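Single-structure report; data block below.
10 protein chains.
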Amino acid sequence: MLFHVRMDVKIPHDLPREQAAEILAREKAYSQELQRSGKWRHIWRLAGEYANFSIFDVQDNAELHAILSGLPLFPFMQVTVTPLLRHPSAIREDDS
Amino acid sequence: MLFHVRMDVKIPHDLPREQAAEILAREKAYSQELQRSGKWRHIWRLAGEYANFSIFDVQDNAELHAILSGLPLFPFMQVTVTPLLRHPSAIREDDS
Amino acid sequence: MLFHVRMDVKIPHDLPREQAAEILAREKAYSQELQRSGKWRHIWRLAGEYANFSIFDVQDNAELHAILSGLPLFPFMQVTVTPLLRHPSAIREDDS
Amino acid sequence: MLFHVRMDVKIPHDLPREQAAEILAREKAYSQELQRSGKWRHIWRLAGEYANFSIFDVQDNAELHAILSGLPLFPFMQVTVTPLLRHPSAIREDDS
Amino acid sequence: MLFHVRMDVKIPHDLPREQAAEILAREKAYSQELQRSGKWRHIWRLAGEYANFSIFDVQDNAELHAILSGLPLFPFMQVTVTPLLRHPSAIREDDS
Amino acid sequence: MLFHVRMDVKIPHDLPREQAAEILAREKAYSQELQRSGKWRHIWRLAGEYANFSIFDVQDNAELHAILSGLPLFPFMQVTVTPLLRHPSAIREDDS
Amino acid sequence: MLFHVRMDVKIPHDLPREQAAEILAREKAYSQELQRSGKWRHIWRLAGEYANFSIFDVQDNAELHAILSGLPLFPFMQVTVTPLLRHPSAIREDDS
Amino acid sequence: MLFHVRMDVKIPHDLPREQAAEILAREKAYSQELQRSGKWRHIWRLAGEYANFSIFDVQDNAELHAILSGLPLFPFMQVTVTPLLRHPSAIREDDS
Amino acid sequence: MLFHVRMDVKIPHDLPREQAAEILAREKAYSQELQRSGKWRHIWRLAGEYANFSIFDVQDNAELHAILSGLPLFPFMQVTVTPLLRHPSAIREDDS
Amino acid sequence: MLFHVRMDVKIPHDLPREQAAEILAREKAYSQELQRSGKWRHIWRLAGEYANFSIFDVQDNAELHAILSGLPLFPFMQVTVTPLLRHPSAIREDDS
């Protein structure tokens, strides 16, 4: 089941630099592992913003939340979730 | 080059029913042809809304606008465009 | 799987009265059938508004959309969907 | 009498970790006691957000406020209250 | 139990004048009867707007909704309801 | 002359506790003195929010501002002022 | 007593042209008479918008509302009122 | 050439008190000098808000910006500029 | 003096087609004449929207308003004006 | 390919003054080098705001993002990107 997620990141300027770097490294590893598993199906950066649009393919709402709330950057993110479904005009096999 | 597009459709209730049906048929054909060409890469419906999120892969802004303004439903749509790029954590070949 | 849905109804004042009455009768029957099936788990009216908050228990996003877009009042509604999950502090068996 | 409440939690990143943990433990106990009493009838988490939708069944506005303002997390929450009533199409006994 | 209600009125310019006048006459009678009964405790006009702030004193949410949805102008109003309670600093007997 | 005022209070979490307590005590005394004088005619708490709706009866805009800007909590408030007048349907003597 | 008023005009495109012209002529006469009386102290157009900022000098809220609701264009306006007072840094005699 | 400017001031609560007082004193002197020169033509306080509406009479956009960005309080202000012109119904000589 | 203008066009769907075509033809001629005169210095379309960003170089606010309110599409536009000035980092001769 | 970018700068008041000055100096050099290269085609200040409108001429979305995210002030900016294209009424050679 697919979900569209927008993540906007806002790291406070008084967060110690090493702490921020460590969080970002964990974030990248976490994201790539989920991408390899097929659960984090797409991720794109928005031009000019510290933000991404992502597509998740998960079993249910609970799994989606477990993934998102486990993001190392989660405390510094605003997250917007939109449930998706196959569009009646879609022709691509895997857009559902 | 990738763009994220949100389309919200609002057909006026006093538009004659046959006219609406004819527009919708043309819209579907138009969309599917662009999907087959590879330019309209993804399309998903938003649960509970008369709206879609789409990903376009076009040469430039002008081509994107030509495609969108050519949509039979364009006069009844609110369209929001966001330019995308490859996310530094992305692992999938074709997410850029 | 649970979803929270807010529906705001706005019937155009120039819609013929009998047509409106007929739609409302179908809406009520449609809603009650889904309530009996267990898919439309809760429905509450918002005091002072022509609107409701509802909880749906469906298999997936696609089933939710099929139900919502099938509402006789759907063309006159603004619908907002929020995916839910069990809260870690919940004690009630069926709140998930 | 039923009320719909949305709670959005935002804990400042410079709040000492032990203080946050202690508040969260009290919050959980407080919530579960009210759930057992029947006053906090439902609680659901919103997927991807540090937020919940809840349904309260209280005697009046004053009791609702006493409960909400007594939440250990109240100083870190944005709270939105909506008074509810039985929907004319509802069939479930206890949705009012 | 007290509720604060804001009503914004927007009468469509193509509503026949006599129909509008008849609705407004019924609205005034309806409001004054409820004021005499003590349920519609206060009503003030907002300077420069076709709107009012009102205070209702009702038994519960259901009674409030019955009163508001029975307003002759209800189909042309946007209504915002806020549940009130006695303020801890209030000294006036009847502000609760 | 009547004014409707909404006050939303937001005390920064890093304000020393004793300082906050001292401000709140002064706020209560200040409010009650103005209520006794008849200038602060009504005050109600909004259920679930650290906010109030109030009605002031003052000579002019300048007196209203002097009262509001003198509130001990003023630096931590967002204040919204709406000028009121007698509603043409009002029957209560003192709603103007 | 001074008030700042913003008026945004939106004339429906299906209003007969002669009717619109007649309303506009009355509006101008009405405004100029009030300007001559000193009650409508200033009026400026906003560049690029069918809107004005005005300053009114009236006895009280009720007189302001009588003037504004008597505007021939009132049914086609959105009006925003802000009560003003002398600024502590003002040096001009008549800015209060 | 006239401009309408709204200034909303928000002084951080952790700014040392003497520093704030010194800025405010400079702000007042700066404002009054510009008022005497005729460039800052009007200034009014908004009732209940730490804000003002002002009218500036300057040569061009650049002069306006030089004045505004030179305000001692500028780093703590949100500023909204609206270019004005003579209203076709205006009768006062100096409202343009 | 430079101004940034955003124009959003919304033509009502029940405007007769020939009338719309005639307005659009006049709009284009009007715009191009002003571009040739140097007053309408830039115009760009926004991808996916019936809107443009433009830069005007005019003598003052009054000339800007005369140009904008004279647009054949003006009754169907929402216009947003922002006064500009030379940026301190600009190197291009004619960006002021 | 052209993009319209709005940048709003907000430097925290507790950022050390020398650090801010150093960032601003780098920002200016960075901007002017990109202007000389032709990629940052226009930059204008908004009157009364710590903000600019800019036009970028880049190869693609990725190049735009590289430029924007490399801005020394990027962590303190809110950035809004709008893809542009040649307007059908444009006559100027280089507005595309």
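Chains as they are written, first to last, in UniProt numbering: chain A, 1 to 96; chain B, 1 to 96; chain C, 1 to 96; chain D, 1 to 96; chain E, 1 to 96; chain F, 1 to 96; chain G, 1 to 96; chain H, 1 to 96; chain I, 1 to 96; chain J, 1 to 96.
Quick reminder that beta carbons are idealized off the backbone N, C-alpha and C, glycines included.
This one's a predicted model, so the numbers in the text were calculated from it and none came from an experiment.
The continuous alpha helix (DSSP H) containing Ser69(B) extends over residues Asn61 to Ser69. At a cut-off of 8 Å between beta-carbon atoms, Leu84(F) makes contact with chain G. Rounded to whole angstroms, the gap between the alpha carbons of Lys10(J) and Tyr50(J) is 8 Å. Between the beta-carbon of Ser31(A) and that of Ser89(B) there is about 5 Å, and that keeps the pair under the 8 Å contact cut.
Bridge pairing for Ser89(G): absent [DSSP].
Going by DSSP, Leu34(E) is part of the alpha helix (DSSP H) stretching over Arg17 to Ser37.
In the DSSP assignment, the residues bridged to Phe56(F) are Phe3(F) and Trp40(F).
In this structure, Val81(B) and Gly48(I) form a Cβ contact; the two beta carbons are roughly 4 Å apart against a cut-off of 8 Å.
Remark: C-beta atoms of Ile67(H) and Leu34(H) approach each other more closely than 8 Å.
Residue contact check for Leu68(I) against chain J: no CB pair falls below 8 Å. At least one beta carbon of chain I lies nearer than 8 Å to the beta carbon of Arg45(G). The beta carbon of Met77(E) sits closer than 6 Å to those of Met7 and Val9, all from its chain and outside the five residues before and after it, given in chain order.
Between Ile55(F) and Leu2(F), the C-beta gap is smaller than 8 Å, which places the two residues in contact. Apart from sequence neighbours up to five positions away, the residues of its chain that approach Arg26(E) with a beta-carbon distance below 6 Å are Pro72, ordered along the chain. For His42(I), none of the residues of chain B pass the 8 Å Cβ criterion, the least Cβ distance being about 16 Å.
At a cut-off of 8 Å between C-beta atoms, Val81(I) counts as an interface residue with respect to chain H. Under the Cβ criterion of 8 Å, Val9(C) is not counted among the residues facing chain B.
Near chain B, meaning a CB-to-CB distance below 8 Å, the residues of the region 52 to 67 of chain J are Asp60, Asn61, Ala62, Leu64 and His65.
The Cβ atoms of Asn61(C) and Pro83(A) sit closer than 8 Å to each other. A distance below 8 Å separates the beta carbons of His13(D) and Pro12(A). Taking CB atoms only, Met1(I) has a neighbour in chain H less than 8 Å away.
When only Cα atoms are considered, Asp57(G) and Arg41(H) end up about 17 Å apart. The beta-carbon of Glu22(D) is placed no less than 8 Å from the nearest beta-carbon of chain A. When only Cα atoms are considered, Gln19(A) and Pro75(B) end up about 50 Å apart. Against chain G, the CB of His87(E) has no partner CB under 8 Å away; the residue lies outside that interface. Nearest CB-CB separation between Pro12(J) and chain A: below the 8 Å threshold. Among the residues facing chain C, Ser31(D) is included, as its CB has a counterpart in that chain under 8 Å away.
When the five nearest sequence neighbours on each side are left out, the beta carbons in the same chain lying within less than 8 Å of the beta carbon of Glu63(F) are those of Lys39, in order along the chain. With a contact defined as Cβ atoms closer than 8 Å, Ile91(E) and Arg36(F) qualify at about 7 Å. Proximity of Ala25(D) to chain C, defined by a Cβ-Cβ separation below 8 Å, is not satisfied.
Any Cβ of chain C closer than 8 Å to the Cβ of Glu49(B) would place that residue at the interface, and such an atom is present. Leu84(F) is bridged by DSSP to Leu46(E). Residue-level contact check: Lys39(I) does not touch chain J, since none of the beta carbons of chain J fall below 8 Å from its beta carbon.
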